[in-house]
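In the working numbering, each residue's number is its place in the sequence shown (first place is 1) plus 10. Cβ coordinates follow ideal geometry from the N, Cα and C atoms, glycine included. Predicted model, so just to flag it, every value in this text is computed and none were measured. The structure under discussion appears below in the form of C-alpha cells.
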Amino acid sequence: MIATISQQDSASELVVSYLETITNKGFSGDTDATYGTRLTASTDNSIYQQIPQGVIFPKSEKDIQIALQTAAQDPFLSLTFGPRGGGTGTNGQSLTPGIVVDLSRYMREILEINTDEGWVRVQTGVIKDQLNDFLRPYGFFFAPDLSTSNRATIGGMVNTDASGQGSLVYGKTSDHVLGLTTFLVDGTQMTTNPIAIDKAKLIAEQDTVIGNLYATVLNVCLDNRDAILQKFPRLNRFLTGYDLEHVLSDDLQTFDMSRLITGSEGSLGIVTEAKLNITSIAEFKTLINIKYDSFDSALRHSPFLVEARATSVETVDSKVLNLARQDIVWHSVSDLITDVENKDMQGLNMVEFNAVSPEDIKDKVDTLCRLLDECVKNQANGVIGYQLTSDKADILKIYGMRKKSVGLLGNAKGSQKPLAFAEDTAVPPENLADFIVEFRALLDSHNLQYGMFGHVDAGVLHVRPALDMCDPKQEQLLRVISDEVVKLTTKYGGLMWGEHGKGYRSEYGPEFFGDHLFKQLRIIKAAFDPHNRINPGKICTPIESEDSLVSVDGQKRSWFDKQISVDVKTSFNNAMTCNGNGICFNYDEKSPMCPSYKVTGDRRNSPKGRASLMREWLRLQESKDIDLLEVEKQLNQGEVITWWERYQHNRDKNKGVYDFSHEVKESMDECLACKACTTACPIKVDVPTFRSRFLNYYHSYYARPLKDYLVANIENSAPVMASFSKVINPIVNTKLVSALIRKTVGYVDTPTLSSPRLTKRIGKAHNFNFEKLSALSSAEQNEYVLIVQDPFTSFYEAELVESFIKVIIALGKKPILLPFKPNGKPQHVKGFLNEFKRTAKNAAQFLNSLSEINAPLVGLDASLVMCYRDEYNSILGELRGDFEVLLAHEWLATQSFKALANKISNDTQFTLLSHCTETTAMPKAANVWQNIFSDLRLSLNTTATGCCGMAGTYGHEAQNQNNSRALYEMSWQSVIKKNKPEQLLATGFSCRSQVKRYEKFKPKHPIELLAQIL
11 MIATISQQDS
21 ASELVVSYLE
31 TITNKGFSGD
41 TDATYGTRLT
51 ASTDNSIYQQ
61 IPQGVIFPKS
71 EKDIQIALQT
81 AAQDPFLSLT
91 FGPRGGGTGT
101 NGQSLTPGIV
111 VDLSRYMREI
121 LEINTDEGWV
131 RVQTGVIKDQ
141 LNDFLRPYGF
151 FFAPDLSTSN
161 RATIGGMVNT
171 DASGQGSLVY
181 GKTSDHVLGL
191 TTFLVDGTQM
201 TTNPIAIDKA
211 KLIAEQDTVI
221 GNLYATVLNV
231 CLDNRDAILQ
241 KFPRLNRFLT
251 GYDLEHVLSD
261 DLQTFDMSRL
271 ITGSEGSLGI
281 VTEAKLNITS
291 IAEFKTLINI
301 KYDSFDSALR
311 HSPFLVEARA
321 TSVETVDSKV
331 LNLARQDIVW
341 HSVSDLITDV
351 ENKDMQGLNM
361 VEFNAVSPED
371 IKDKVDTLCR
381 LLDECVKNQA
391 NGVIGYQLTS
401 DKADILKIYG
411 MRKKSVGLLG
421 NAKGSQKPLA
431 FAEDTAVPPE
441 NLADFIVEFR
451 ALLDSHNLQY
461 GMFGHVDAGV
471 LHVRPALDMC
481 DPKQEQLLRV
491 ISDEVVKLTT
501 KYGGLMWGEH
511 GKGYRSEYGP
521 EFFGDHLFKQ
531 LRIIKAAFDP
541 HNRINPGKIC
551 TPIESEDSLV
561 SVDGQKRSWF
571 DKQISVDVKT
581 SFNNAMTCNG
591 NGICFNYDEK
601 SPMCPSYKVT
611 GDRRNSPKGR
621 ASLMREWLRL
631 QESKDIDLLE
641 VEKQLNQGEV
651 ITWWERYQHN
661 RDKNKGVYDF
671 SHEVKESMDE
681 CLACKACTTA
691 CPIKVDVPTF
701 RSRFLNYYHS
711 YYARPLKDYL
721 VANIENSAPV
731 MASFSKVINP
741 IVNTKLVSAL
751 IRKTVGYVDT
761 PTLSSPRLTK
771 RIGKAHNFNF
781 EKLSALSSAE
791 QNEYVLIVQD
801 PFTSFYEAEL
811 VESFIKVIIA
821 LGKKPILLPF
831 KPNGKPQHVK
841 GFLNEFKRTA
851 KNAAQFLNSL
861 SEINAPLVGL
871 DASLVMCYRD
881 EYNSILGELR
891 GDFEVLLAHE
901 WLATQSFKAL
911 ANKISNDTQF
921 TLLSHCTETT
931 AMPKAANVWQ
941 NIFSDLRLSL
951 NTTATGCCGM
961 AGTYGHEAQN
971 QNNSRALYEM
981 SWQSVIKKNK
991 PEQLLATGFS
1001 CRSQVKRYEK
1011 FKPKHPIELL
1021 AQIL
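So, in C-alpha cells, the structure goes:
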C-alpha cells in the first residue's frame, strides 16, 4: 500500500506567527503556508527550485504596507521577501527561500486611462494581454512584446525590463514607464517619475528615507557618469539590472528613479502600480515569411532585412519548425508556411511591416519582395522562397506558433530537454551570425542538441541546449557552458542577459561591471535594503553584507526529480516533463486551458501546479521505500488492504491527521478532466491520466465517497433506469428527492432520462445483426454506418441518436445501432482503474470483432470517443487492437451534402459552440461543420469559448456548484445571451445540459438541426 506522508519542510513557527499577525492587523488578502502552495511557488520557467516559507496574496497596497511594516518590527526582522508576478521568468528571478509576495491573484485592476495624453495606470498584477485587450477598443496597445504575454504580469515586465519582438522600434519596458509606485522594505511608499534634476537634489537634502535614497542614487550616477557610459554597451538590449545610465537624461537635466527600479528584479522594493505610455495601433500590417536553406543564411540575411525598415525580424530554426509541425498549433499555420518543392527549409525569418496608412507600407513591402525574387532566382543569400500575408488573423496565428515554440522546445523526446540558462544573449546585430557560429561550435563540441529562435533585428537569439539535469555530468556541463557563453558575449561586445534578466546568473555581475561599478550597485542596494531582505541574492548584495549572490550552481528541480526512480519517472512522464512554461495560466477566458485555474485563481489547480504536486508525491512515496509501480500492479489485480485498515486511515483523516496526499487530492478534485492540457500544453502534460492513477492509489488507502461509486457505475445503471424513465423522472425531479440526493450523494440537477427511450423511438429496423452484415459483400457493407452508443446520448438524449439515424438515411446510407457497451470513461475519471481496464477490454474485444465489416464505426460524444483513442491505449496497450471510432463530424466530412441543398430554405444565422474536448483535440472540427452548412447554403458562425463548467459530472457535484456557474458566466453566458435559442448549436452533451440548467432551454446539436431541415 502507499504510505502516509507527514508534514514536509514545515513553515517555521516565526513565519506562521507572522502570517497570523498580519491577518490580525487587517491584511485582507490570502496567506498560505501549506506545503502544496509553497511547492507551487517554488518554481518558475527556469531550471531552479526554491521552496519558500510562505506565500501571501495581497489585495491592495494597504496589504503590502501592513506586510512590510509588520516585518520591520521584532520578532520578524529576519524574514525575507520575494515579489512574484506571473512566474514566467527563465532564470529564477522570483524564487525565494523567504516569503513570496504574489501580486498576480488579486492586484489586477486597470485603474485609469488617458487617451489624450497617451497613458494608462495599472496595478502590477495586470497581465500583458489583459492590458492590450482593454486598450484595443481605444486604438492603443502596450508595445513591449514577449512570448509569455498571455500570463506575464506588468510587474514582472517592469522588474526584468522585458522586451521581445519589435524592440528595435518599440523599445523595452523601461522606455514606456512614466511612473511607478514602490513599497520599500520598511513599508514606506515611494512614487517615482521623471523630474528636473534640481528638484531631485532638493529631495536629496531631506532627512527622510526617500531623501537618503535620492542622495545615494544621485551621487553614484553623477560621480561615476563617465565610467557608466564606457561600460554599458551600446545595444538595444542595453542592460538588465540597476540602470545607472538612464536614471539621468543625456543632458543631465532630468532624473528618473523609475529607471533604476525597472529591471531591478524586485531587489529594491515591491512595485505595486505603474503608469505606462501607450502606442497607437498601426492598422496596416504585412508579414513576409522568408525561407532559407540554412539557419546561418537566415542569420546573415537579417541585417539586410533590418535595413529594409522592417518593424521586426524574428527567426526560428528547423528544430523549432519541426516541433511545431508535430503540435496542434501547426494546423493554423500550415498553409501560411508551406514547404518549397525540392528544397529543405532549415530556417525562417518572419519580417513584419506595419504602418498607420497603406501608403506607408506598400513601398517597403514591394521593394523587399523584388529583392527577394532576385535572391530566389539567383539562389542568393540562401533564400529559397517566401510567403506574404496582410491578414491580421493570419499574422496572429503565425506569431502564436512562434510564441508557442518556446514551450515546444521542452517537448523534445528523450531525457535531454532544451533548457533556458544561456538563452537570451545579446550582441550587436552585425555580429550575430559570427557569434552564433562560435556558440554552435561550443555546443557541438559537447555533442549537444539545441533549438534556436529569437529577435535577430536586436541581436538577441534564444539558444536552448538540451541537457539531462538528472545526470550529474550534464548538470556540471551547464556551469561550463555558462562560463564560456559569458566569455563569448564579451568577445562580441554583448551581454549574457539581453532579455530575461540575471536571476541565478547574478554571480556574473561583478565580472561584467568590474569591481568599481559593481561596488556602486551594492551601495545602492544598501540604501534601499540594508539588511538584504528583498529578493536577496539577486543583482547584488548590500555593500556591508557578507551574504552570497545566487549562482547557476543553485538548487535545481532536478535535485528533487533525481530522487525518483527512472522507472517511475518514465511511467509518469506526463507529469514529470512539465518544464514550467506556464501556458496553463493563460488569462484568456475563451481559451480552453485551464478552467479550474481560471475559476479559482489558485495555481495548485493548474496543470503546472498538479504536475508539481504529483512529482513531489512520487518523490516522497519513494522516500518511504514504496514501490509505486508494484503497488499499482497489485491494485489493478484487486484489493491490497482490508476495509478495516481503510476505515482506520479514514478515521485519522477525519481527525485532522496530516497526509500530503490530502493536499494533492484537493487539487485533483478541482480538475474537470476536460483534457485541454493534453493538447493545448506544448509539453502535453496530461493531468486526467495521472490524476486517475493518483485517485486509484489514494482510494486504496482512504474510503471513497458514495457519489464516486454512482458515477463509476452510471453506464451499468443508466440502461436499467432508462426502461423505467416514466417512473424515475417524476420522482427524481421532486424537491424532496432532489434535496435528499444532494445531501446523501452530493449530486445536484440530475439529468432527465429520455422518454420515450431510444428503443421505443427507433424500433427494431436498425438493430445490429452480425451474421447478416458479415454475409454481405464489402461494397454492400460500405453502405452501412455502425453507430457506437454512449450512455449520455442513448439514455439521456435519445432524440440526438434518432436524429443521427435520420441524417444517415438522408445521405443515402443505412444506419445500424450497435448494442450498448460501457465505455468506462466515468470509471477512469474517478480512478477506478481496475474496473476501467475490464470495461475497456470488453468494449475493445467487441469493437475489434467488427473490424472485418467494411463499415465505419461512429460515435456521438467526443469525450467517450476520445477515450477509445487515448485512455484505451494507455490501459490496454497492444490489447486495444486497431479498431477506429469516428466522431460524427469526422464521418460527415466524408459525405456530400451539396445535392441536398435544393431541399433547404433557411436564412437563420446559426452559432456553434464547440465541446472543449473537440476544440483542443480536434481543432478543425468547427471548420467541418462550417463546410457542411456551407454546402447546404446555411450560415454557421463559430465562436471561441472556454469551458462551459459542466464537463461530464463535474457540474453535477454539489461541491462544485459555485465554480461550475462561474465558468459558465465567464465564457458561455455572454454568447448565449447574444443569440436566440433557435440560433444556438452545441456539440457537447454536457454543454447542452449546462445551458438548459441556467437558461431553461437546450441548444440543439448540429445533427438535430440537419435532421430537422433535410
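Asked                                                                                                                                                             : Found
Could you say which of Y794, I772, G773 lies nearest to K782 if we only look at CA atoms?                                                                         : Y794
According to DSSP, is G493 helix, strand or coil?                                                                                                                 : Going by the sequence as given, residue 493 is Asp instead of Gly. The answer is helix: DSSP assigns D493 an H, G or I state.
Measuring straight from C-alpha to C-alpha, what distance separates N222 and E215?                                                                                : 8 Å
Less than 6 Å between C-beta atoms, sequence neighbours within five positions excluded: which residues of the same chain meet that for K548?                      : E275, S277, S516
Anyone know if the C-beta pair for P729 and S1003 falls short of 8 Å?                                                                                             : no
Is DSSP giving E122 helix, strand or coil here?                                                                                                                   : strand
Given V366, which residues of its chain have a CB within under 6 Å of its CB, disregarding the five upstream and five downstream residues?                        : A292
Using the C-alpha atoms, what's the distance from V496 back to Q63?                                                                                               : 33 Å
Measure from the alpha carbon of I1023 to the alpha carbon of each residue in L746, T955, L910, then state which is nearest.                                      : L910
Identify which residue in K72, K295, R543, W569 has its Cα closest to the Cα of L559.                                                                             : R543
If we count the other Cβ atoms within 10 Å of its Cβ and call it buried at 16 or more, is L262 buried or exposed?                                                 : exposed
DSSP state of K285, grouped into three classes?                                                                                                                   : strand
Could you tell me the distance, in whole angstroms, from the CA atom of T192 to the CA atom of V136?                                                              : 16 Å
For D40, I'd like the list of residues in its chain whose CB is within less than 6 Å of its CB, leaving aside the five on either flank, ordered along the chain.  : F67
Give the range of the beta strand (DSSP E) segment to which W129 is assigned.                                                                                     : 129-133
Could you give the residue range of the alpha helix (DSSP H) that holds L910?                                                                                     : Taken as a continuous stretch (DSSP letters only), L910 belongs to no alpha helix (DSSP H), as it is neither H nor E.
Candidates D19, M11, S290, D236: which alpha carbon is nearest E127's?                                                                                            : S290
What are the boundary residues of the beta strand (DSSP E) that S322 is part of?                                                                                  : 322-327
Closest to I408 by CA distance: which of I593, C588, F920, I298 is it?                                                                                            : I298
Which same chain residues, not among the five before or five after S70, have their C-beta less than 7 Å away from its C-beta?                                     : S38
State the CB to CB distance for the pair T325 and G357, rounded to an integer number of angstroms; the pair is presumed to be in contact (CB under 8 Å).          : 7 Å
Please confirm if the region 646-655 is in contact with the region 596-611, defined as three or more CB-CB distances below 8 Å between the two stretches.         : no
Compare the C-alpha of V187 against each of D253, F242, R269, S159 and name the closest.                                                                          : R269
Is V562 near S677, with beta carbons less than 8 Å apart?                                                                                                         : no
So, does the region 457-466 touch the region 516-526, judging by three or more C-beta pairs under 8 Å?                                                            : no
Just tell me which of T296, N883, T272, Q969 has its CA closest to the CA of L286.                                                                                : T272
Three or more beta-carbon pairs under 8 Å between the region 686-693 and the region 930-944, yes or no?                                                           : yes
Could you work out which residue in L398, V330, P368 is closest to E362 when comparing CA atoms only?                                                             : L398
Which residue comes first and which comes last in the beta strand (DSSP E) that contains L477?                                                                    : 470-477
Tell me which same chain residues have a C-beta within less than 6 Å of the C-beta of H659, skipping the five on either side of it?                               : Y711, Y712
What would DSSP say about Y597, mapped onto helix, strand or coil?                                                                                                : coil
Using the Cβ count rule (16 or more neighbours within 10 Å means buried), how would you classify K423?                                                            : exposed
Does DSSP put N777 in a helix, in a strand, or in coil?                                                                                                           : strand
Taking the alpha carbon of P692 as the reference point, which residue from E122, Y806, L333 has its own alpha carbon closest?                                     : L333
For P475, I'd like the list of residues in its chain whose CB is within less than 7 Å of its CB, leaving aside the five on either flank, ordered along the chain. : P428, L429, L453, L458, Y460, I491
At a cut of 8 Å, does the region 807-818 reach the region 743-756 through at least three beta carbon pairs?                                                       : no
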